[in-house]
Each structure stands twice: as C-alpha cells, then as structure tokens.
Amino acid sequence: MEFNPNTYPLTPGLRLLEASAGTGKTFSIAHLVLRLLTEGEHSIDNILVVSFTKATAAEIKSRISNRIISALHGLESIQAGDIPSKSDEVLREWLGKCSQNSDKCMYWANLLLEALANIEQSDITTIHGFCRRTLQREAIDNGNAIELKALTDEENKQLIIEIVCDYWEEHVLSLEPKHLQGIEEAGISIKSLAKNLMDIDQDQSLAFVVDDPKVDISKSLKTQFQESFHACWQNFVCNWKKDGMALEKSLQEVAKSYRGEGVKDTRPYTPNPRKNRCNEINEWILSFYKTKEDDVNNNEIFYKDIRAQKLIKDYYHPQNLYELEKKLSNSNSFTPSTLQESIADLWEKPAEIVWNHSLSYTFEKLKSIRHKRQVISYGEQLKLLDPESQDHKSKNKSILSKLRIKYKVILIDEFQDTDAIQWRIFREAFAKSSEHLLLMVGDPKQAIYKFRGGDLKTYLRAKEEVDRVDSLTTNYRATPELMDCLNNFMKNGLKYSKLIVPELISKRSKSKVEEYKKHCPIEILSIEHGDKKMANNSSYIPTKADVELKIPNIVTNKTLELITNTEHLVCPNDICILVSRHKQAEEIRDSLSKANIPSRLINQGDIFETEGGKNLQLFLDCLSTPSHIDRLKLLTCSKLMRWDAKKLAEASNAGEFDELVLKFINLSENFKHTGITGSLSSFLESSDIANIAERGRLLGDLYQCAHLVQEAVHSQGLDITGAARWLKHQRIKGSDLTSEERRPNSDIAEEAINVLTVHRSKGLQYKVVICPYLWESPSKPKGPLWRTDEKNKWVFSFKSGLDSHQKIYEKAVEDSIEEAERLAYVALTRAECKLIIFWSIATNQTDNPLKFFLFGPEANKSKIEDLTTENIQTTFRLHNLKFNVRPVRSQEISGKWSPSYENHNLSLGPRPKRSLDQTWGRHSYSSWVSTIEKEGGRKDYPKENEEGRDRDQQEGNIKGSFQDKAFPIELMKNKTNSWSKQGPLQHFPRGPIAGECLHRILERIDYTASVKNEHSVNIIKEELSRSRIDLSKIEIVQEGLERVLSTSLGGPLGDIKFRDLNTERRVNELSFDICLSSENKPILSSELVKVMTRNQGERYGIDYINSLKELNICSSGFLTGSIDLIFNDKDDISNSRWWLADWKSNWLGDFTEQGELSSCGSFHYSINSMEKEMVLHHYPLQANLYLVALHRFLKWRLPNYSPQKHLGGYIYVFLRGIPSDYELSMRSNKGNIPGLIIEEAKFKNIIELDQLLLGKAI
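Mapped onto our numbering, the consecutive letters of the sequence shown carry residue numbers 1021 to 2278.
The structure is reproduced here in structure tokens:
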C-alpha cells in the first residue's frame, strides 16, 4: 500500500517501508520521528535510528533536527494566530492536527524542545555505532574496569597490513625463490592476502575454518609447501605416463564431435592439431629428470616452472573442457578424470596451501593481538551481540533484554544493506515483542554492497515476516518528462534480480533546466563500429577492449555539445559521468582534458595514484638527477610540459636539454631553501600553471602530492633523492589503506564534470547523467575466497565448477550478474533532467544489465549480434517508447571549451622560512674522491654524485692533471717505444659531455657488427647530435671504436676481444645501489684504508693506500653507481669468469708550449702513464667498489656462485690510447697493450669490503 506520512500507524509491530530512488526516504524518516515524538509521546532517548554509513546517519540526524525546528516554527505561528506559509504540504497537514487545540500545540512544542535539546546524545547512528554504545553501556553496568576499545576501520586495516607483512617475511620469503615466483604468478601477494583477510574479518556472519588436514599453522609454511608440491608433481607425472596420450586423443574427439554437430569454434581443442602437445609435455617432464655432472640441482622442478608451462593452464587443465562443454551444451555435469584432477592439483594445490596457511595463521594472529591489546574490530562488536554466538549466548540474552527496555521504536535505514548478524540482533531483540515498533526502510533494487556483507536474501526473508509493507511512490528527483520515460523504460522490472520496479509519480519542482522539455529526456547512443573487419565481415563482433577505446572521445564530444549548445543552462558541474572502474574514469578524464574541460574524480582513492602523483614523481626524479637525459625526456613528454616528437627533436638540436639540465641543477642546489612546492612553482611558468589549471584536477592533485611529500621531507629529514625514493615507495607498495589526507581533494575546480563510480554515486543526483559502460557484463568472480551463505562459512577453491564447490561458483556468477543489474538501476536513477545511455555489442557481454531494458523481456533468447540499433528502435516502436536512439561513431575531439571566469582579488600566503636538514643520502665513488676538493669550495655535478660518473673527464681538470713534474720524464722514457703519438680520437672533443657521448655509443651499438653498418652509423649520428658535436667526427669515432672492439685484450683474458661479446654474454650500464651499513654506522675513510692495507697488491701498494687517508669519507645511506660493462670470458656460463670494464676518455696527450692540447695516441698510454692516471683519480678504489657490486650481483643471480671461480676482475679501457692493428703487428713482444689496464680480483679484499659496507665487524 502507498505510504502516507501523516496517517501511518505508530503502534507496535514489525513493518517494512519500501522506497525507490528519489522518493524522499530520509524525509519520510524525519517526519515519522517528528510524529513519534509528539503523537506517540516517545522520548528521543527511546528511539533508535540506524543507518549504513556515518554520512547517511549524519544526514538523517540533520534532517530530523531541521524537521523539529520547522515544526516548532509552525506551532509558533499557530499560537500567534498566523497561517504557516513556509511549511511544506506534509507539515502543514500535520500542523492541522493541533491547529484548533492551543493546549496540544503547547504540549507538542515542549516535547519537541526537549527532543531538540537532547538530539546530539540520541542514538541516531550507524550499526557499528549502535554496537559500540551498547557494549560500552554493558561494561559500565557490570562495573568492568577494562573497556574494550573499538578500532576504527583505518586502525584495523593498518594492523592487518602489519600482520601480513610480518607473516610474509617470516614464512613466504623462506621459500625457494623459484617457488616464490610461482606463488606470485598465482596471484598471491601482500596486497591480495591483506584484502582477503579484511574480507574475512569484516564479515563475521560467515565462519572461517580451514578443513585441509595438511595445513598446520603451528608449523612453518616451507615444509608443508614443499611436501604438497612434490606430492602433486609425482602424482601428475605418474598419471601422465599412464594416461597422457589417451587424454590428448579424448580432447581431439571432443572437438571432432562438436565440429560434427556444426560448431565452428571449439577452442582450445581441434580435431587435427598442427603440433604434438602431448610430446611437448613429455619432453618438458623429461627435462627435469636429465642429470648433469657439474650441476645436479639444475633440473630441480619449482612452482615457477609449473606456472610457466602454459599448456597445463590453457589446454590440459580441466577448466577449459568444463567451460567449453558448458558453453556448447549448457551442461554442468562435468566429471574430470584422475589425470585431469592431478593436472588441476599441480596447477592450484601449492597456491591453495599458501592461501590456507597464510589466512589461517594471520586470522588467528589478528584475533590474538586484538585480545592482548584489549581492542575490538567492528566485526567483532557485531559478533559479541549475535544471539547465535555460542561463546556469548547467555550474556547476549541479558544485553538484548536491556535493549528492549531502553528502546521502544527502532527505525533501520538502508535495510537492503543489512547482513545476517545485524538482522538476527534486531529480530531477536525487537521483532518478537508486542511492545516495540520495528520499522525497516529500504530499496531492494539498490542492494549493491554484497562485497561489504550486504545481503539481499536477508531483506527478502525479513519481508516475509513483516505485518505490513508500504511503498513510497512519489519521486522528488526526476522531472515529470524523465520520470515517465523511466517508468516505461523499466516497466518489466529487474529481470535478473526478479524485482519489480514500481511506477512513480514525479513531483519535482521546476528548475532552470526545464528547457529540456523540448528534448527527449532519455537518449540512447548506439556505438557504430566502422572497422575494416566489420566492413569485410558482417558477422564480426568487436571485443570489449575495442569498444572501450572509442568511448572517451564520444563522451567528450557529447559533453562539449551539452555545455556549449544550451546557452549556459547546463554547466559542467551539472553533468555526471558514471563508470565501473577507476581506469575508465582516468581515460575519460584524459579525453576531457584534451578539450580543456575540467573534471573531478569523486572517489576515495590514493592521491599518489593519480596523474598528479605520476607527474610529481617525474619532476622529483629529474630534480634528484639533473643530468639524467632520459628522465628529462620523460618529463618533457609528460602533462607538465607536453612536448611532442617534433619539439623533442628540435630541442635536442637547439640545446634546450642543456638549459633544462642547468635549470634542474640550480633547483637542486636551492632545494634546502625552497622545498618541493617552491621548486615546482619555480619550474612551472605562470603560463604553464594556467594551462594545467584548465585541464581538470591535475594542478590540484600535483600540489596536494607535493605538500604530502614535503611533510615527509620535513619529518624524516630527507634530501631530494630521498624524497623521490619515498614517493616512489608510496606509489608502488600497493596497499589498500588510504588515510584521509591522501584521498584526493575534489573541490579544486568549482565548475568541473563529475566523474565517479556507480557505487560512489548512490544517494547523489545530477541534472544530466551519462552512463557509458552499462553495456558491459560484470567480470566473472575469481575467488579463491568464496561466500557460502547456506553453510554460513567461507571456502577456498581455485577449480571453479570442477569440485564440490561448483554450485558456489555458479551462484557467485549469478549474484554478480544480479548486482550489476541493480547497479545499473542506481546509475539510471541519478538523473534529474536528462539521461544519456551508451549501447554497444561486444564479445562475451551477453549478461549485461541493459539487455532487458532495451530489447524487452525476451532478450535472453537473442544472440549478441542481434542486439543492434535497428532492433532497439523496433522494440521501442512496438512498446510505444519515444526515446531518442541514434548511432554514434568515435571521432576526433570536435573543439575546445572556453569557460568564463569571474574576477577575484588574489593575495599571497605566508612564505615558509624553515630550512630542511640533510644528513643522509646516496653517495658514489665520485662524491667520495671529491671530498678533498670540496673542502676547497669546489662543487660536484649532481649527476656525478648520483650515478658515479667520472670527474676526470671535466675540461677544467685535464690540463692541471698533467703538469706533474714526473710526466715529461715518463714521456722521455716512452720515446724508445714504437707506439704512435697520433690517434683517431685526438681530435675528438674533451670534457664530460664528449665522454658521456662515447659512453652512450658503446652502450647502444652491436659489438659483433661493423661500426660502419647502417645501424651503428645511425646511433653515432644520434649521439653526436644529442651532444652537439659536429657530425664530421663520425669517421674518427668509427676508427677509434673499431680499435676498441677488435683489439685482443691479452693478459688473463688472452685473445678475447670485445667484438666476441654478443648480448647474451654482456650487460651494459649495470646500475647498483648498495646499502651502507645496516646498523646506521657511517663508513669512514680509515676503515677503507685498513681493508686495502691488509690486501694490498703489487700494482697499487702502500703509497697509493696512504693517499686514501686524505679522503674525508663519512657516509651512511647508499653507495650508488653504474658499471659501464660486465661480461663473461667463456660461452659456458657456469664455468666462466665475470669481468667489469670501464670506459675512460681521459686525455693523456702532449701540450704545446702555450699549454694547448696537441697530439694524443697510444704512445701516451703506456702502462706507467695509465697507472699514474689511475692513482691520481683513485680508479683502484672505484674498481674495487664496483667489483663488490659485481660480486653481489653474481651472488644474487648466478646459481652456485663462488667468487674464486666466477669473479674475474676489472679492465679499464682508455679509449684514446688503443693502438691500431698495424702498431700491434710491429711490436716485438707480447707485453702490455697501451690503453688497457687489466687486474684480476683479489677475492679476500672484495669479500672484506663487502662485509665493511654491510656494517659487519672484520
């Protein structure tokens, strides 16, 4: 029956008030409370109002307060003899009940004043607030000294993350690395484990019990995992040997049988396969049983190997056959063979062991920690009041009895979101009483929170028990024209959910958008696909991804049409675009920004995951490494600078990158004084800021991120490098926990398009609503955690449809389709004046929620290719539905939006005066050897400090290096040799830019090919242009590099040439970061000297070691660097030694009498000259530090690594000093080669340095 707010009975009973979207549910609750306080003479303390969220509870309390105040004004008017003119129709009718009775007016006014005075202490709250208050009162009544503290959601989530991280470190990381990789491939991570643990903890209505007897949380995961894994492997191998061939033949027969019935698509199975998959599995199995004399562990099977074998998953796994037979024969009666079961077990059982052990362990740990800390979660609060809780049954009876005494009226808002425990509490306490009014208010069509425990079944079961059901049938949201269209559109109800959609009557007041009367309130945009595939094949159906690519531009063009062609009747803020996923939201916002249309994403996401966070990361990376060209290029292509390919090419030639480098060097040097926000403001010109401000929320998000990072800089004492790393860590750690300050602000643009998910839109309304994605079917549930409401417990299953949990999976799929339909109802009912719906056909989207609305109740029998624009129009004509249905295609964005701005008086905020301390950072060999010069006031290049580049290549340092008095004597000694004073690179520029150019060329070219081939020439040209070096230098570069690549290295490397090294034998530019002392004890120069003294060699003896004492090293944090090249000296990787090579472009040539550079060739790069250069620039220290990095790298990546067996040494290649083939052929002995310093590693020295950097005593 229809609800009447003034005649609805206030007597005790169990009742249900069914609402629909926009029917004034909160208004009705507020008016009923007004009547209960006056006509029912209930105290505000005896009324309990419960809602789903804090926001809705606060809104109800506010509405009740305003309703009481309005009633008091009306009563006051009656007392004064006036007619209440400002009251609404319902309130005027209520006031009429006492208009002729002055005493009643006074009495009711006193009751309302008393209620208003006590409303802040009233129980108008959430279900969790109700539980908390009830338990607090119980603790006080019983005189308990200790009261359990209720954890907030944020606190509970943080505790869960801590427990999961501890478990991961203790148990999961103890597994073999290749087992761990397989587990991660199976979708198990800290994030997924924490999410599932939260689901279990939040929904206490379901029990969590692990039935697997093989899982024992008192024992380590490692032992149980290995036992289970090897048992699954042996079982699979045994069954495969017996039935592998038979299984293959049976799968072929299945395909043959269906093909015979006319079915064309039987993938992945075919009657006559082109390859022998059975043989592939045989060979794969055999590969793990072959033995090698030198490495018996090489063939051990790991879970990673199983997950990498795609034939197991994509072909032989029984899930494929189950899905095929269900699709083609609509049969659910599939029974896998013994072999198929063993295949499924091999693929899933090891992961299942981890899931069961991890969730059992962490859930028990969570409960234990909360108990010890005397805290309680929201879920546990419900459990403590649950009448069916065996642990608290007798105590709960007493609590429920007290609740019956305290409350006489109970109003439950959003009842469709109530779970089983909540209903049991209210049912047991109040539903069976003859003295209480229990009124439930809800809309089953808006039951969209199953993931939070909301259960539509609970609503439907409760509905069967109530005394009466009333309905709200007046809509106050939609215009009459739109309401009529919606009534016709949804008159067949929600077919999947089996719910009726009642016809509503609109009583919306007029607004400025009444202009839409001459337009159709509902517009269907059917996406046409002008693809070549569809033109050539009429039966071709696009994929979901293909359609999604077209939507952002269509949405943008439609939005432009709305805000530019309606004479400002529609502003951007009037429009809402509803999406299913945040990725869709970002794609639409990106498209809107191209048309200069601002947008706001209304969500509770993480600000660091937005475009602003990404762009700030690029900026901080450049600020921390100003000379890193690749990072600068990424920034120039970002939304902060928006350079295109043409601009990039022009900037490289015009030297604009050099200007950027200098700009970032300056910003980096001033960072301590300006901070992040100051640096960002200095970098962005005013025109840039204005441009970014026009493109949605990027500017606001950017500065919100910058403020948060700045706070971390201040609180943790970070330098700019630390700030960049901190932000990167926050962005990639993947936690679902987002604190309030990290949720994006949504008010940066007053006039912006609203973009939000359908879940977040509930309770909101907008003049124009666009629904671009309702044509999509919901994603299939993935598990492995499944709800079983019938058994009231959680279960685990990977094998959806293959085991005893088949019905659970199918029910989950059914539930997801039904909830998608209810989500569509929520989306369609957000509009006030106009609703725009997108439609498209796409593969595997037959279960979409629009199907029955657009094509009628018989649409379930239609094929996807029949759900066309023409058939929509036919259906609408048949049912006399006058909607605007028109086809649209994706086109380029049709224009730009130019908003009108008002003038505002602007003022400056306070200027920060604090400075930031910088005591910890990243250090390099370059920064260490520069400590002497720093004392003299010389500054390092930021890139050198960060990446360990060579300071000796600076022009200002070259000339002074060779004014040593001993150098001319050395040259005199060399005059007796036959090496040339002229080298190809003597005319190549000097300095850091030129040296970096040669480095990049050697990093990119193919060593095994000629340096004169087209690919190499193009690389040389690119790098010369990039460094602004004349292209006439190409030939001398080619000749110089040809010498480097083709010269035999000699010494312990024998006839090996760099030309012999293909990409499988070498790694270029190996960057590293080594933690300096995990105990926070700084590394000192004196400690390095001690290690080097104990292990001094013949080449660099005590004199060089004493020179290290002059360094002023005191460092903590990280040692960073980049090794130019590492390579192995044999094809057999297990028996080869690994070497590092470092390219040096140092000039050791002659000077003229005027001090100008003269000649430079192999003559000048004798062993003595190079050793002097090595000592001068502390290259031996660099070499040993880099060998430590190589040692750690091999220890991490090379199986059975031994430094004595696998660590070779270092080779320093002085590029300007390598002799020609002719010079090498003229030498009389096989001695040292000019330009090459080769030294084998001293293992004891490397190991002791490694221990020193770890902070361990030596």
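Note that beta-carbon positions come from the ideal geometry of N, C-alpha and C, so glycine has one too.
Beta-carbon gap between G1042 and Y1496 smaller than 7 Å = yes
ask   = Which residue from D1439, K1169, F1249 and E1061 puts its Cα closest to that of L1195?
value = F1249
query = Which residues mark the beginning and the end of the beta strand (DSSP E) in which V1789 is found?
reply = Y1786 to C1791
ask   = I2266 and H2198: beta carbons closer than 7 Å?
value = no
query = Quick one: Cα of E1885 to Cα of K1276, how far?
reply = 26 Å
Counted within 10 angstroms of its Cβ, other Cβ atoms place I1425 as buried (16 or more) or exposed = exposed
Close-in-space but distant-in-sequence residues of the same chain around R1842 (CB under 7 Å, 5 per side omitted) = K1465, Q1466, A1467, I1468, L1514 and S1517
ask   = Who are the near neighbours of K1262 in its chain, counting only those whose CB is closer than 7 Å to its CB and skipping five residues on each side?
value = none
message = From the DSSP secondary-structure annotation, give me the bridge partner or partners of A1227.
response = K1813
key: Nearest residue (CA-CA) to A1498, options H1391, P1541 and K1470   = P1541
Anticipated Cβ contact below 8 Å, L2108 with L2139, distance rounded = 11 Å between Cβ atoms; not a contact.
ask   = What separation, rounded to the nearest whole angstrom, lies between the Cα atoms of I2025 and V1192?
value = 42 Å
key: V1395 and D1433 closer than 7 Å at C-beta   = no
query = Given a threshold of 16 other Cβ atoms within 10 Å of its Cβ, counted over all protein chains shown, does L1034 qualify as buried or as exposed?
reply = buried
message = On the DSSP letters alone, give me the boundaries of the alpha helix (DSSP H) that M1126 sits inside.
response = S1122 to N1138
C1642: first and last residue of the uninterrupted alpha helix (DSSP H) it sits in = E1631 to S1644
ask   = Taking one C-beta from the segment 1561–1572 and one from the segment 1592–1612 each time, how about it: are there three or more such pairs within less than 8 Å?
value = yes
message = Please state whether the Cβ-Cβ distance between L1057 and A1137 is less than 7 Å.
response = no
query = Which residue's Cα is closest to the Cα of K1215: L1457, L1502, K1177 and D1232?
reply = K1177
task = Evaluate contact between the segment 1739–1753 and the segment 1657–1666, counting only Cβ atoms and requiring at least three cross-stretch pairs below 8 Å.
result = no
ask   = How is D1664 classed by DSSP in three states: helix, strand or coil?
value = coil
query = Across which residues does DSSP place Y1427 in a beta bridge pair?
reply = DSSP output for Y1427 lists no bridge partner at all.
Those residues which DSSP pairs with R1035 across a bridge = L1459 and R1488
query = Is D1437 near F1691, with beta carbons less than 7 Å apart?
reply = no
ask   = Taking the runs of the alpha helix (DSSP H) that are 4 residues or longer, which of them lie wholly in the segment 2184–2228?
value = 2187–2196, 2199–2217 and 2223–2226
key: From Q2271, W1253 and P1288, residue whose alpha carbon lies closest to that of L2284   = Summary: the structure shown does not reach residue 2284, with the chain confined to residues 1021 through 2278, and so no result is reported for it.
task = Reducing DSSP to helix, strand and coil, say where T1007 ends up.
result = No answer is possible for residue 1007: the residues shown for the chain start at 1021 and end at 2278.
inquiry  = Taking DSSP's pairing of strands, which residues face Y2230 in a bridge?
reply    = L2160 and E2259
request  = Identify which residue in L2145, F1322, E1372 and G2275 has its Cα closest to the Cα of P1804.
outcome  = E1372
For R2079, the nearest candidate out of S2066, R2085 and G2070 (CA to CA) = S2066
task = Locate the alpha helix (DSSP H) running through T1358, then write down its first and last residues.
result = T1358 to R1393
query = What residues match up with I1861 in a beta bridge as DSSP calls it?
reply = According to DSSP, I1861 bridges with nothing at all.
task = Along the beta strand (DSSP E) that carries V1070, what are the first and last residues, could you check?
result = I1067 to S1071
D1594, DSSP secondary structure in three states = helix
query = When DSSP labels each residue in this structure, what does W1948 get in the three-state scheme?
reply = helix
message = Taking DSSP's pairing of strands, which residues face R2020 in a bridge?
response = According to DSSP, R2020 bridges with nothing at all.
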